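Peer 1: Residue numbers (this note's numbering), protein chains in the order written: chain A, 1 to 317; chain B, 1001 to 1391; chain C, 2001 to 2087.
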Amino acid sequence: MCLVNEIGGVITVNYIEYLDTQEDLVSPGISACQGCAAELILRTTLKIMGRNTVLAIPPGCMAGAGCVGWNFDSGVKVPVHIPLLDNTASLLTGVKKVYEADGRDINVVAVAGDGATSDCGFQSMSAAAERGENIIYICYDNEGYMNTGFQRSGTTTMGSSTSTTPAGKEGHGKEQQKKDIPMIMAMHNAAYVATLSPSHMSDFVKKMEKAKSIKHGFVYLHILSPCPTGWRFDGKRSIEVARKAVETNFFPLFEVEDGRYTLNVVNKNPKPVTELMGMMKKFSHLSPETIGEVQKNVNRRYRLLTTLSEMKNDMEG
Amino acid sequence: MGKVIAITGNTAAAKGAALARPKVIAAYPITPQSSVVEHLAQLAADGELDTKMVQVESEHSAMSVVQGAVMAGGRAFTATSAQGLALMYEPYFRMSTLRLPMVMAIAGREMTSPETIWGGQQDTISVRDAGWIQIYVENNQEILDMVLQGYRLAENKDILIPVNICYDGFYLSHLIEGVNVPGQEEVDGFLPEYKQTHVIFDPEMPMAVDPMTPGELLMEYRKSHLEAMQRALNVLEDVDREFAAKFGRSYGGAVEEYKCGDADIILVTMGSMSGTAKEAIDIKRNEGIRVGLMKVRMMRPFPRKKIAEVLEGKRAYAVVDRNVCFGWNSGALYMEVKAAESDLESRVTSFPVIGGLGGADISLDHFLSVIDELDSCEKGGKSHECVWLMK
Amino acid sequence: MDKREYITPKGDEGIYCIDTASWRTFKPVMDKAKCIECGLCSVYCPVNSIHKVEGKYSISLEYCKGCGICSNECPKKAIDMVMEGEE
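1. Assuming L1049(B) and V1070(B) are in contact, meaning their beta carbons sit under 8 Å apart, how far apart are those beta carbons, in whole angstroms?
2. Tell me, please, whether the CB atom of D2002(C) is closer than 8 Å to any CB atom in chain A?
3. Rounding to the nearest angstrom, what Cα-Cα distance links F1302(B) and V78(A) in this structure?
4. Using a Cβ-Cβ cut-off of 8 Å (strictly less than) and excluding sequence neighbours within five positions of V1255(B), which residues of its own chain qualify?
5. Does the beta carbon of R43(A) come closer than 8 Å to any beta carbon on chain B?
6. Name, in chain order, the residues that DSSP records as bridge partners for M1053(B).
7. Where do the N-terminal and C-terminal ends of the alpha helix (DSSP H) with R1241(B) fall, by residue?
8. Starting from A127(A) and walking both ways along the alpha helix (DSSP H), at which residues does that stretch end?
9. Output the distance between the C-alpha atoms of M2083(C) and A2021(C), rounded to the nearest integer angstrom.
10. Rounded to whole angstroms, how far is the Cβ of W1388(B) from the Cβ of G1358(B), which I believe are closer than 8 Å?
11. Please classify D86(A): is it buried, with 16 or more other beta-carbons within 10 angstroms of its beta-carbon, or exposed?
12. Bridge partners for F2026(C) per DSSP, in chain order?
13. Check whether the Cβ of E323(A) lies closer than 8 Å to any Cβ atom in chain C.
14. Report buried or exposed for F2161(C), applying the criterion of at least 16 other Cβ atoms within 10 angstroms of its Cβ.
15. Please classify G2011(C): is it buried, with 16 or more other beta-carbons within 10 angstroms of its beta-carbon, or exposed?
16. For chain A, find out if any of its Cβ atoms is closer than 8 Å to the Cβ of G1090(B); answer yes or no.
17. Who are the Cβ neighbours of M1088(B) in its own chain at under 7 Å, not counting the five residues just before and after it?
18. Just to make sure I have the definition right: I need the residues of chain A whose C-beta is within less than 7 Å of the C-beta of S1061(B). Which are they?
19. In terms of residue numbering, what span does the beta strand (DSSP E) encompassing Q177(A) cover?
20. Counting contacts by CB-CB distance shorter than 8 Å, is N1010(B) in contact with chain A?
21. Within the 8 Å Cβ cut-off, does P1211(B) reach chain A?
22. Decide if the segment 1150-1162 of chain B is in contact with the segment 1334-1351 of chain B; the criterion is three or more beta carbon pairs, one per stretch, under 8 Å apart.
23. What residues of chain A sit near C2017(C), judged by a beta carbon separation below 7 Å?
24. Mapping DSSP to helix, strand and coil, what is F1302(B)?
25. Step through the CB atoms of chain B and report whether any lies within less than 8 Å of the CB of P79(A).
26. For the segment 50-72 of chain A, which residues have a beta carbon sitting closer than 7 Å to at least one beta carbon of chain B?
27. Just to make sure I have the definition right: I need the residues of chain C whose C-beta is within less than 7 Å of the C-beta of C36(A). Which are they?
28. Excluding the 5 residues flanking K207(A) on each side, which residues of the same chain have their C-beta closer than 7 Å to its C-beta?
29. Would you report the Cα separation of L224(A) and N142(A), rounded to the nearest angstrom?
30. Please specify which runs of the beta strand (DSSP E), each continuous and at least 3 residues long, are wholly inside the segment 1101-1185 of chain B, giving them in chain order.
31. With DSSP collapsed to three states, give me the class of N1402(B).
32. Is it right to say L1364(B) is buried, meaning 16 or more other beta carbons lie within 10 angstroms of its own, or is it exposed?
33. Using the three-state DSSP reduction, which class does P321(A) fall into: helix, strand or coil?
34. Tell me, please, which residues DSSP counts as bridged to L84(A).
35. What does the alpha-carbon distance come out to for the pair D203(A) and G144(A)?
36. Decide yes or no for the touch test of the segment 28-38 of chain A against the segment 2061-2075 of chain C: beta carbon pairs closer than 8 Å, at least 3 of them.
Here it is, written out as structure tokens:
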């Protein structure tokens, strides 16, 4: 990590020192839950993006926590707007076009939940990626519409007991697999796609810096955001849960730049997903069959990623 | 002084938009509007239009893109019809309530179902209460001219409300008429670059655009929106006077009167049908019937006072709607004119007329028969629940 | 222009701030003897309340919600979550 000091000299710092010295551009007091990973994600993101940024936060946890403002006050120290749940990427496209017409280089950033990204707003995001709009679209994936009471979304893991797919005598939680948004976005010829975890901060900072530096196309970052309140675990374990998700290959950390795949964390002996699922009550009703389905999906996906990352040298076409 | 060329209504709308120098244009095709965005794309491709064109994937995104653009302070344009207008309703409502000025051209089309693509007013009528200014035009020249006037009206600091220029699908969008296209310099003199001051989305001046708002404050915003719309009734006339001084063409204000002065009975119309109606008026006048035409140009805000003024002392009126007002056995314009008429001391007999839906023709014969009905109604004949101009 | 006229706040200096410190049941207490100044607590704190003060990492209780992530992540178990009101 490089910082330029006051007299113009370049000094190298590690990511921990870097994050300690960067300005926190979010209000110090927002009403995110205790242990909310999304709050950590938003603060860290803005530390790296800096003041030359405009932010769109659609309805969801971060908007509800106060970041988009209330009455006459704002919740962040950069320009912020709460788009409709389904048009974040389109709205930011219009904003970016005006800055481009005026010859201005400004970070145009979306920080959106999985509901807005994978369901409602998917169409507008897909089109923005297809058009190669130079916006940085960040999805914090807490696997559901958490702000409105933990309803399931497309990215909710199979078997999760949510408020719209509750476990009961007849119900066994969500019946469908998790929608793989990062891979779908990788297929859009985006300039840069990456998965991040708040547990792997050095990787997080590197990828966020990379995202900020991309000026020629669409950037998509998918960040796992453990939700203590919705997934039902003690808030102090948020980072632990995120780490376990990476260690079990449930949430592999990879990046795709101009079509080349890189697996950032290779697990020679991945832990079984039961270790992750055992950490949270939303899976406590699961049958061994469903756990098996989830494990199969995790394995299949990881194998696919490994194969794609090994194709690196063949990508020249 | 401008050049007269033969063009369709869609091309006129596109040329008007291009002359306004929008920074951003959102484009999505839908019958009968498609050639608007096609023409703009061609102008840009030929280097005649310096703009950022965004080929969006749906009308919802079209309105979202222009919303972002105007939020960031640039002038923007888009166009749509029927299903597209319905699809963009969510950001459409937000555009006006965020007080972001722009002009959107609408080639009016009937709303599905039944499955249709042909002209009608149902689309714009259905969204009349979403806070936009809505102006209905009669011919292609008016389309181009009102796009330019529309930006002046919308961007006026006392108004700051987006404007719909509504013209009949196929009847105007695809019709070729002679249109005087002004030169760019002339238009630049009338329409300078837009400088936004009330909404700023710029790191130089960080602002939360549209924070969560409690009800008490929301009511203040709504009140100021309603008041601004009322001001638009007069500002339209101011803009028109300025336009006339510069370009030599004037359209007046929210309402156009045609031979109403000494009329006993009044025909009320909106849109391109007014041309045919004027022919019918002239024919019936020759037969000795003292009939006049009141053409409503501005549907929103509704020129309540002016309409009551025109109807005062008249004996009967009929309103021809190219749309229906579900829940009332009439069209929407009839319902609104009747509400305005109720301000008068004495009532005026009236009946609604519905015709021309889904692209059907409202013919000269239709108007002649309506005037006959109006005439007999005024003379004490049977009134009507609703007259349908069927084939 | 009057703040109330249009739908964006004109006074942009205002930041909406909630007293999240009042949420706490437990508060973090750092044992500097065990602390190795690795800075992981600072990196993981969701409310950005742990910073180097005079060269040493220190926890500010101004907005701390008492979530316990710092305590859970500390490699040396140098942070204890202590009930508010106790020492």
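All residues carry an ideal CB built from backbone N, CA and C; glycine is no exception. Nothing here was measured: the structure is a model prediction, and the numbers come from that model.
Peer 2: Quick answer:
1. Here residue 1049(B) refers to the residue found at position 49 of the second sequence. Here residue 1070(B) refers to the residue found at position 70 of the second sequence. Rounded, the Cβ-Cβ distance is 18 Å, inconsistent with contact.
2. Locating residue 2002(C) in the third sequence gives position 2, counting from the first residue. Here the model assigns D2002(C) a pLDDT of 44, short of 50, so the residue's position is not dependable, and the following value carries that caveat. D2002(C) does not count as touching chain A.
3. In the second sequence, residue 1302(B) corresponds to position 302, counting from 1. In the first sequence, residue 78(A) corresponds to position 78, counting from 1. Going from the Cα of F1302(B) to the Cα of V78(A) covers about 40 Å.
4. Here the question's residue 1255(B) lines up with position 255 in the second sequence. Cβ within range, chain order: M1294, K1295, V1296, R1297, M1298, P1303, K1306, I1307 and V1310.
5. For the purposes of this step, residue 43(A) is taken as residue 43 along the first sequence, with counting starting at 1. So, not an interface residue.
6. Numbered from 1 along the second sequence, position 53 holds the residue referred to as residue 1053(B). According to DSSP, M1053(B) bridges with I1025(B).
7. Position 241 of the second sequence holds residue 1241(B). First-last of the alpha helix (DSSP H) with R1241(B): G1215 to F1247.
8. Locating residue 127(A) in the first sequence gives position 127, where the first residue counts as 1. Unbroken alpha helix (DSSP H) run through A127(A): F122 to E130.
9. Taking the third sequence and counting its residues from 1, the one referred to as residue 2083(C) is at position 83. Taking the third sequence and counting its residues from 1, the one referred to as residue 2021(C) is at position 21. Approximately 13 Å between the Cα atoms of the pair.
10. Stepping through the second sequence from its first residue, residue 1388(B) is reached at position 388. Stepping through the second sequence from its first residue, residue 1358(B) is reached at position 358. About 13 Å separates the two Cβ atoms, so there is no contact after all.
11. Residue mapping note: residue 86(A) aligns to position 86 of the first sequence, counting from 1. So D86(A) counts as buried.
12. Residue mapping note: residue 2026(C) aligns to position 26 of the third sequence, counting from 1. M2083(C), per the DSSP bridge assignment.
13. Because chain A is modelled from 1 through 317, residue 323(A) falls outside the range shown and cannot be assessed.
14. Lying outside 2001 to 2087, the shown extent of chain C, residue 2161(C) is not represented and no answer is given.
15. The residue labelled residue 2011(C) in the question sits at position 11 within the third sequence. In this prediction, G2011(C) has a pLDDT of 40, which is less than 50 and means its spatial position is unreliable; what the coordinates show is noted afterwards. That one is exposed.
16. Position 90 of the second sequence, counted from the start, is the residue given in the question as residue 1090(B). First, the residue type needs correcting, since residue 1090(B) is Glu and not Gly in the sequence shown. Yes, its Cβ sits closer than 8 Å to a Cβ of chain A.
17. Residue mapping note: residue 1088(B) aligns to position 88 of the second sequence, counting from 1. Taken in chain order, the residues that qualify are E1059, H1060, A1062, M1063 and T1080.
18. By one-based count along the second sequence, residue 1061(B) stands at place 61. Near S1061(B) (Cβ distances below 7 Å), the residues of chain A are N87, S90, S124 and A127.
19. Looking up residue 177(A) in the first sequence gives position 177. No beta strand (DSSP E) holds Q177(A); DSSP gives it neither H nor E.
20. Numbered from 1 along the second sequence, position 10 holds the residue referred to as residue 1010(B). It does not: the Cβ of N1010(B) has no partner Cβ on chain A nearer than 8 Å.
21. On the second sequence, residue 1211(B) is found 211 positions in, with the first residue counted as 1. Closer than 8 Å to some Cβ of chain A, the Cβ of P1211(B) qualifies, so yes.
22. no
23. To locate residue 2017(C), count along the third sequence from 1; it is residue 17. In chain order: S27, P28 and G29.
24. Counted from its first residue, the second sequence places residue 1302(B) at position 302. Residue state, collapsed to three classes: coil.
25. Counting from 1 along the first sequence, the entry for residue 79(A) is found at position 79. Output row for P79(A): interface = yes.
26. R51, N52, T53, V54, V68, G69, W70 and N71
27. In the first sequence, the residue the question calls residue 36(A) occupies position 36. Here the neighbours are P2046.
28. Against the first sequence, residue 207(A) aligns to sequence position 207. Here the set comprises A194, L196, L221 and E255.
29. Start at 1 with the first residue of the first sequence, and residue 224(A) comes out as number 224. Start at 1 with the first residue of the first sequence, and residue 142(A) comes out as number 142. If you take the alpha carbons of L224(A) and N142(A), they lie about 7 Å apart.
30. 1103-1108, 1133-1136, 1163-1168 and 1176-1181
31. Only positions 1001 to 1391 of chain B appear in the structure, and residue 1402(B) is not among them; the question remains open.
32. As a working note, residue 1364(B) is residue 364 in the second sequence. By the neighbour-count rule (16 or more Cβ atoms within 10 Å), L1364(B) is not buried but exposed.
33. This structure cannot speak to residue 321(A), because chain A is shown only from 1 to 317.
34. The residue given as residue 84(A) occupies position 84 in the first sequence. None; L84(A) has no bridge partner.
35. Sequence index remark: in the first sequence, residue 203(A) carries index 203 (1-based). Sequence index remark: in the first sequence, residue 144(A) carries index 144 (1-based). Distance between the alpha carbons of D203(A) and G144(A) is about 25 Å.
36. yes
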